[in-house]
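Novice:
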């Protein structure tokens with residue numbers, strides 16, 4: 001790594017530490033921390049689920065599968081959309097309405 005890389009990394013880490021230090025103690029309960037006090041709308045929740053599903057593992061796994069098995073792997077992509085229905089209609093509402101965390 002070059003000097004500029006180290007400087008950028010240090011600025012990033014210091015920024016994250018400062019943000020964490022500034023925002024510490026804002027959540028008053030476990031519900032505030034884990035569920036955002038149930039005040040999040042559909043867009044950030046959906047964005048979070050989408051990013052989780054299409055995480056970095058897909059960027060590593062899909063090219064590997066295509067290399068090993070060919071383009072027939074593309075047939076599996078509709079499974080994401082088939083799985084999206086029960087996730088959005090059953091699981092997400094179920095977990096959203098749970099009142100206790102543990």
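Numbering (the numbering used here), first residue to last: 1 to 102. No residue lacks a Cβ here, since even glycine has one placed at the ideal position from N, Cα and C.
Please name the residue in 15, 48, 13 whose C-alpha comes closest to that of residue 87.
Specialist: As a position in the chain shown, residue 87 is number 87, starting the count at 1. Answer by Cα proximity: 48.
Novice: Within the continuous alpha helix (DSSP H) that includes residue 48, where are the two ends?
Specialist: By 1-based counting over the chain shown, the position of residue 48 is 48. That run of the alpha helix (DSSP H) goes 42-53.
Novice: Figure out for me which residue from 35, 85, 12, 64 has the closest Cα to the Cα of residue 95.
Specialist: Start at 1 with the first residue of the chain shown, and residue 95 comes out as number 95. That would be 35, whose Cα lies nearest to the Cα of residue 95.
Novice: When you compare only the Cα positions, how much space is there between residue 92 and residue 82?
Specialist: Counted from its first residue, the chain shown places residue 92 at position 92. Counted from its first residue, the chain shown places residue 82 at position 82. Roughly 15 Å between the two C-alpha positions.
Novice: Look at the Cβ atom of residue 73, then the Cβ atom of residue 65, and state whether they are nearer than 8 Å.
Specialist: Mapped onto the chain shown, residue 73 falls at position 73. Mapped onto the chain shown, residue 65 falls at position 65. The answer is yes: Cβ separation under 8 Å.
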